[in-house]
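Trainee: Numbering follows my numbering, in which position 65 of the sequence shown is assigned residue number 65; successive positions increment by one, without gaps. Structure incoming, see below.
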Amino acid sequence: MSEFNLSELYRGYIACLNTQDWSKLRDFVGEDVKYNGQRIGLSGYREMLERDFRDIPDLHFEIQMLVCEPPHIASRLHFDCTPIGTLLGLPVQGKRVEFSENVFYEFGDGKIRQVWSVIDKAAIESQL
1 MSEFNLSELY RGYIACLNTQ DWSKLRDFVG EDVKYNGQRI GLSGYREMLE RDFRDIPDLH
61 FEIQMLVCEP PHIASRLHFD CTPIGTLLGL PVQGKRVEFS ENVFYEFGDG KIRQVWSVID
121 KAAIESQL
C-alpha cells in the first residue's frame, strides 16, 4: 500500500470515528487488533470507542500531525472536549480540557492491526 493510500485510509478511519459510524469500523480495523500490546479484537476496540464517546459526548478527533511510512502511521491527535466524569482517573467533571494523543498504527491487509497510544495526561492535570 502506498503512502498516499495509507494516509487517505487513515483519514477515512478518523472520519468514521468522528461520525461514530460503527458499522464501518470493520472497514478500517482488523478482527484481531491489538491495543497497547493487548489483543482486544474488533469488538473490544469498538466497545472502547463507544465508551469514550459516552464519557466525552463532544469528543472529536483532530489530526495535528500525520507521518506515514507504510505499513505504519504516526499521528498526533488533538482534543478539545468536555468529559462528563473522570478521564484517565482525573476528576474532570464537565470541565473543558485540551490535550493530545500520540498514536502509532501498524496496518496489514489494508486494516489497522496494532495501535500504540500515549495520552498527554500531564496536560489534563495542569488544567484541573
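Each residue gets a CB set at the ideal place from its N, CA and C atoms; glycine is no exception. Please read all numbers here as calculations on a predicted model, not as lab measurements.
1. Which partner residues does residue 108 have in the DSSP bridge list?
2. Report the option in 109, 7, 25 and 84 whose CA atom is closest to the CA atom of residue 97.
3. For the segment 19-92, list the alpha helix (DSSP H) runs that are entirely contained and at least 4 residues long, ordered along the chain.
4. Take every Cβ of the segment 59-66, pair it with every Cβ of the segment 9-17, and state whether three or more of those distances are shorter than 8 Å.
5. Please check the pair residue 35 and residue 115, which I expect to be a contact at CB under 8 Å, by giving their CB distance rounded to whole angstroms.
Mentor: Taking the structure as given:
1. For the purposes of this step, residue 108 is taken as the residue at position 108 of the sequence shown. In the DSSP output, where bridge partners are listed per residue, residue 108 has 111.
2. Here residue 97 is taken as the residue at index 97 of the sequence shown, counted from 1. The shortest Cα separation from residue 97 among 109, 7, 25 and 84 belongs to 84.
3. 41-55
4. yes
5. Stepping through the sequence shown from its first residue, residue 35 is reached at position 35. Stepping through the sequence shown from its first residue, residue 115 is reached at position 115. Right, their Cβ atoms sit about 5 Å apart.
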